[in-house]
Structure formats: C-alpha cells, structure tokens
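For reference, the structure discussed in these notes is given below.
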Amino acid sequence: MDKFFFISLLGLLIVAHGVAGNMACDSIAMLEKLENFGIEEVDETELSKVVPSWTSERGGKVLVNVDSFGAVGDGVSDDTQAFENAWNTACTTPKSVFLVPPGRHYLVNATRFKGPCADRLVIQIDGTIVAPDEPENWDPNLPRLWLYFSKLNGVLFQGNGVIDGSGSKWWASSCKKNKSNPCRGAPTALTIDSSSAVKINGLTIQNSQQMHFVISHSDSVRVSDVLVSAPEDSPNTDGIHITGSTNVVLQDCKIGTGDDCVSIVNGSSNIKMKRIFCGPGHGISIGSLGKGNSTGMVTKVVLDTAFLRETTNGLRIKTWQGGHGYVRGVRFENVGMENVANPIIIDQFYCDSPKTCQNQTSAVEISEITYRNISGTTKSSKAMKFACSDTVPCSNIVLSNINLEKKDGTEETYCNSAQGFGYGVVHPSADCLSSHDKNDNVTGQSAITKESSVIDQMKISEPSETITEDIIHTEL
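Here it is in structure tokens:
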C-alpha cells in the first residue's frame, strides 16, 4: 500500500481527536505491519540449481528405483515392502533420488517413511501411487495415516505423478454421508511431519480418504504447482491442512475438494499463499479453533491473489464457543469470487456437531484482519458476515475496495460484536462495524467524511441489533 496513503489516512483520522485518534494510530500501525508481511516467491530456477535433475548424467545423483527393490507397479500387487526397502537405501545414501517411475500404478499400504536422511534427498514421483480401497482391511495401527513422512530436512518432493487415496468407500461409510454410519477418522493421503526446509513441486494428490495433504509441526515448507482433487460431496477431504507449522508458502496451487481448500489451525504462523484456485470446496479457512474449550493460536497469514468458484465459503475464520487463544495479523487481498455462498465470514459460533452446541462466554480472540481488493458474486444475501462473541468481540477488521454482488441485488453485511472500519469502495456497506468507543466516533466520522476526496468511504457506526438465528451455526 502506498505510504502517502498511510500518511494521509492517519492525518485525517487524528483530526477526530480522542479515542478515535488513538484508534487511528493503532489501526495504521496494524495495517503497516500486515503490509510488510510479504510473500517470497518460490524460484524454480534456484531450486534446480540446488537439486540437480536426476536425469542429468552430471547431476551426481544416486538413483534408487523402487522397481529395483521388487515393486511390480500393476496396481494389484502389494508394493509396500519394496517402497520401504527403497526408502531405507535412499534415506541413508547422500544425494540420492527415491524414484517412483512413470507409467505404472503402485499399490502401497499405510507406511511411515522416517528420517532424518542423508543430504540432498529427492523424492521423484512420476508414476501413480494408489491406496487400498477397502476400509475394513486398513492397518489398525495406522488408522489416520497413509503416506507419512517425518523428520526430514532439506528434501525435495517433485514430479508429474499422482498420489491417489482411493477414497470412495471411505466416503460412503462416513457419518456425514449417512447419519446411520458411525463417525470415525480416516487416513490422510500425504503427511509431512516434524520436518524443515522441505519443497513439494508439481504433484497431484487426489481422492483422499479424508484430508489430502497435511503439513504438521514443520518449518520452512514450500508447496508449488500442486493439484488437489476430489468430488465436492466427499466428506472431510480438506485440500491442504496446516497445523503447528511456521514459514509455509503455498504458491500456484489448484484445489477442488469436498471440504476446505486450505485449512490453517492451531500453532501456525507465517503462512503465505499466492495464486490459489479454489473450487469446489468450503473455501480458504483459518480454523476451526477452540473446540472442546481448547486453546488455538494462528498469526501472520497472507493470501495474495486467489480465485474461488462455486464454494460454500470464501475467506473464513471459524472458532468454537468456549475456546481460548487468538487469530491475529491476517491479510486477504486480490481475490476474485464466482457464485460463492459466504464470501467473507468470521464465525465465532462454529458448530460442526450433530448435537446443538452449548452457549459459552469464552472465545478465541480475533483481531487485525484485513480484506482488500475482494470482488465477485455471492449466492447468499449476507455477502459479509462478522458473527463475533459478545464477551470477546472481533476487533480491528479493515475493509478496503470490496465489491460483492448478488444477482437480485439483496446483498448485505451482518455484524455482531465486530469492530473495524472501511475505506475506498465497500459494497455492500459495512456500516454495522462498530468503533472502540461509540460516542466519540460520531465526531470522528464527521471529520473524516469532509475529506472524502482522499478516502472514498470510511463508515463507523453503531452495531446492529443481534439476530439470534444468525449466530447459531452448523457446518457451512
């Protein structure tokens, strides 16, 4: 954002004096902090220098082909042991390439691929890895895992291959598909756990049993040009799920599933996403957080440049009543939407439960959330919805250049206990966002309005009346 704009905005707000002036200083500081949290591009040219191609005669790489360890690759024979043996060799050999060759389908059961490994390991997946399709035959010792990689450092996953979870029978047995089914967990297709300096480039992950790709308790992970795909009615099939991780970059990824395209949960910070296509699915979500009175903390998240089509949510923050912790320092910008049901939504009353959730006073604090250059079409009349806790209100919500329209022209903004401000065009109007101090901000708004040539719109007003039905939520 232009520094001249910051200076102009700050001067205009301080004209209001008092609490409004203090609020202005806090808001500008917050905006500048979020603005400086940029996204470092993943340079594929530099990547190739660090990791020479395994096909190069001068690459100095040691090829470890799963076929050489007895893998059949016919999609029927069990190739698990061959993969494990190949992994043990590749992991202990410096500059090795663990190769899954193209043109074959390898049936692999739930497996842990453990590090730490020797330097400069490349995992080259060009063929297709498929999971057993029968839930009843799944390894009971690994009920939530399929391909699980842990304790890696400086490892590159790459290739044009496919990781296929064969999830259709798992989905059919889900309680979300049929309420008579017992609710149980299911495996994640690909997990990167307790690792650092890991890059993933070019892979396709599809039809997972539940979540497709989990980044867990890791640092410095770069994901680029990854395709994630599952039917829109497949339950709990999050695309990329980030938990307890820091310094994660998602870039140029296309995700369409039956749940969140990206979900970011407790203990995650410095998460950067750029050029993300999402749809179908439940949108890009922070949360859920705070379930079962737990503590959840997410900070420093940026989404810059995304397109969402036919999703049930757009940009969502979701927390359970009774939780603790915070979400702060989030910037969503340059996002286009097409027929999205809830384009912008903060929901502190999230309840993904077959039973009605109990009303509780504690909540995960949500603050310093910026939405900028967001446009497109909404399916629901509430294009923006800030359903926040009365005891732990949302604060410092900033809206800039928002244009969300419904075909019949009934788009509106709903607020409950949400404080913030808007500038530039904000449509539908977000007048329902309140200020820190209701009385002092009446004067502040008058002063700002006189300078509308610099700021097209900044409206701060009384909070709207609480509508009970708008803050009782189930899974959206």
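In mature numbering (1 follows the signal peptide of the UniProt record, and there is no 0), the protein residues as written are -21 to -1, 1 to 455.
For each residue, glycine too, the CB sits at the ideal point set by N, CA and C.
Nothing here was measured: the structure is a model prediction, and the numbers come from that model.
Which residue from ASP143, ASN157, THR167 and ASP172 puts its Cα closest to that of LYS93?
For the purposes of this step, residue 93 is taken as residue 114 along the sequence shown, with counting starting at 1. Nearest of ASP143, ASN157, THR167 and ASP172 to LYS93, Cα basis: ASP172.
Note down, one range per segment and in chain order, each beta strand (DSSP E) of at least 3 residues found wholly within the stretch 35 to 112.
41 to 44, 53 to 57, 75 to 79, 84 to 86, 90 to 93, 101 to 104 and 107 to 109
Helix, strand or coil: how does DSSP classify TRP125 here?
Walking along the sequence shown from the start, residue 125 turns up at place 146. Reduced to three states, the DSSP call for TRP125 is strand.
Quick one: residues in its chain with C-beta nearer than 6 angstroms to the C-beta of THR183, no 5 flanking neighbours on either side, listed in chain order?
Your numbering for residue 183 matches position 204 in the sequence shown. Counting only Cβ-Cβ distances below 6 angstroms, and skipping sequence neighbours, we find VAL141 and LEU206.
Does DSSP put LYS361 in a helix, in a strand, or in coil?
Translated into positions along the sequence shown, residue 361 becomes position 382. Per DSSP, reduced to three states, the secondary structure at LYS361 is strand.
Taking ALA366 as the reference, which of SER199, ARG295 and GLY403 has the closest Cα?
Along the sequence shown, one-based indexing puts residue 366 at 387. When only C-alpha atoms are compared, the closest one is ARG295.
What did DSSP end up calling ASN116 once you bin it into helix, strand or coil?
Here residue 116 corresponds to residue number 137 of the sequence shown, with the count starting at 1. ASN116: helix per DSSP, three-state reduction.
Any chance you could list the beta strand (DSSP E) runs of at least 3 consecutive residues sitting entirely within the stretch 246 to 325, in chain order?
247 to 257, 263 to 268, 274 to 288, 294 to 298 and 303 to 319
Tell me the DSSP secondary structure of SER147 in three-state form.
As a first step, residue 147 must be located in the sequence shown, where it is residue number 168. Three-state result, SER147: helix.
Can you list, in chain order, the residues of its chain whose CB lies under 6 angstroms from that of GLU454, leaving out five sequence neighbours each side?
Taking the first residue of the sequence shown as position 1, residue 454 is located at position 475. Note that GLU454 has pLDDT 38, beneath the 50 cutoff, so the model's placement of it is unreliable and the number below is only indicative. Closer than 6 angstroms at Cβ, skipping near neighbours: ASP331.
Find out if the Cβ-Cβ distance for the pair GLN189, PRO166 is shorter than 8 angstroms.
By 1-based counting over the sequence shown, the position of residue 189 is 210. By 1-based counting over the sequence shown, the position of residue 166 is 187. Yes, the Cβ-Cβ distance between GLN189 and PRO166 is below 8 angstroms.
DSSP three-state call for ASN380: helix, strand or coil?
On the sequence shown, residue 380 is found 401 positions in, with the first residue counted as 1. In this structure, ASN380 counts as strand in the three-state DSSP scheme.
Would you mind sorting VAL202 into buried or exposed? The rule is 16 or more other CB atoms within 10 Å of its CB.
On the sequence shown, residue 202 is found 223 positions in, with the first residue counted as 1. Classification of VAL202: buried, given that the 10 Å Cβ count is 16 or more.
Here's a check: name, in chain order, each residue in its chain whose Cβ is nearer than 6 angstroms to the Cβ of ASP238, leaving out the five neighbours to either side.
Within the sequence shown, residue 238 is the residue found at index 259, counting from 1. Within the same chain, ASP238 has close Cβ partners ASN215, THR216, ASP217 and HIS261.
Do ILE376 and ILE348 count as a contact pair if the criterion is CB distance below 8 angstroms?
Mapped onto the sequence shown, residue 348 falls at position 369. Mapped onto the sequence shown, residue 376 falls at position 397. It is a contact, given that the beta carbons lie within the stated cut-off.
For a test of the three-state rule: what should DSSP assign to GLN327, helix, strand or coil?
Position 348 of the sequence shown, counted from the first residue, corresponds to residue 327. It is coil, neither helix nor strand.
Does the beta-carbon distance from VAL277 to ILE234 come in below 8 angstroms?
Numbered from its first residue, the sequence shown carries residue 277 at position 298. Numbered from its first residue, the sequence shown carries residue 234 at position 255. Not closer than 8 angstroms, so no.
Can you tell me which residues form a DSSP beta bridge with LYS334?
The residue labelled residue 334 in the question sits at position 355 within the sequence shown. DSSP output for LYS334 lists no bridge partner at all.
Decide if ASN116 is buried, meaning its Cβ has at least 16 other Cβ atoms within 10 Å, or exposed.
Numbered from 1 along the sequence shown, position 137 holds the residue referred to as residue 116. Exposed: under 16 other Cβ atoms inside 10 Å.
Does the separation of the CB atoms of ASN318 and THR370 fall below 8 angstroms?
As a working note, residue 318 is residue 339 in the sequence shown. As a working note, residue 370 is residue 391 in the sequence shown. Between ASN318 and THR370, the C-beta spacing is not below 8 angstroms.
Just list the residues that DSSP pairs GLY399 with in beta bridges.
To locate residue 399, count along the sequence shown from 1; it is residue 420. DSSP lists ILE376 as partners of GLY399.
Return the residue from the list PRO111, LEU131, LEU86 and ASN88 that minimises the CA-CA distance to PRO95.
Residue mapping note: residue 95 aligns to position 116 of the sequence shown, counting from 1. With distances taken between Cα atoms, PRO95 lies closest to LEU131.
Just mark THR71 as buried or exposed, buried being the case when its beta carbon has 16 or more other beta carbons within 10 Å.
The residue given as residue 71 occupies position 92 in the sequence shown. So THR71 ends up on the exposed side.
Return the chain-ordered list of same chain residues with a C-beta closer than 6 angstroms to the C-beta of ALA176, the five sequence neighbours on each side being excluded.
Along the sequence shown, one-based indexing puts residue 176 at 197. Within the same chain, ALA176 has close Cβ partners ASN132, GLY133 and SER199.
Between LEU86 and SER368, what straight-line distance do the alpha-carbon atoms span, to the nearest angstrom?
Position 107 of the sequence shown, counted from the first residue, corresponds to residue 86. Position 389 of the sequence shown, counted from the first residue, corresponds to residue 368. Each residue's Cα considered, the two are about 48 angstroms apart.
I need the straight-line Cα distance from ARG83 to VAL109, nearest angstrom please.
Start at 1 with the first residue of the sequence shown, and residue 83 comes out as number 104. Start at 1 with the first residue of the sequence shown, and residue 109 comes out as number 130. Between ARG83 and VAL109, the C-alpha separation is close to 10 angstroms.
For CYS154, report the span of its beta strand (DSSP E) as first-last.
Here residue 154 corresponds to residue number 175 of the sequence shown, with the count starting at 1. First-last for CYS154: undefined, no H or E at that position.
Quick check on ASN180: does DSSP put it in helix, strand or coil?
As a working mapping, residue 180 is identified with position 201 in the sequence shown. It is a strand residue.
Applying the criterion that 16 or more other CB atoms from any shown protein chain within 10 Å of the CB defines a buried residue, is CYS232 buried or exposed?
Working through the sequence shown from its first residue, we reach residue 232 at position 253. Burial call: buried.
Is the distance from the Cβ of ASN245 to the Cβ of ASN226 below 8 angstroms?
To locate residue 245, count along the sequence shown from 1; it is residue 266. To locate residue 226, count along the sequence shown from 1; it is residue 247. No.
Go ahead and label THR291 buried or exposed: buried means 16 or more other beta carbons lie within 10 angstroms of its beta carbon, across all protein chains shown.
Against the sequence shown, residue 291 aligns to sequence position 312. Buried, because 16 or more other Cβ atoms sit within 10 Å of the Cβ of THR291.
Compare the Cα-Cα distances from GLN103 to each of ASP118, ASN64 and VAL45 and report the closest residue.
Along the sequence shown, one-based indexing puts residue 103 at 124. Ranking ASP118, ASN64 and VAL45 by Cα distance to GLN103 puts VAL45 first.
What does DSSP give as the partner residues of CYS394 in its beta bridges?
Position 415 of the sequence shown, counting from 1, holds the residue named residue 394. Note: CYS394 sits in a beta bridge opposite PHE365.
Only counting the same chain, and skipping five residues up and downstream in sequence, which positions put a Cβ closer than 6 angstroms to that of ARG91?
Counted from its first residue, the sequence shown places residue 91 at position 112. Around ARG91: TYR127.
With a CB to CB cut of under 7 angstroms and the five nearest residues on each side skipped, what residues in its chain are close to CYS162?
Within the sequence shown, the letter at position 183 stands for residue 162. So the list reads CYS154, once near-sequence residues are dropped.
Along the chain, where does the beta strand (DSSP E) containing SER242 start, and where does it finish?
Within the sequence shown, numbered from 1, the residue matching residue 242 stands at position 263. Start and end: 241 to 243.
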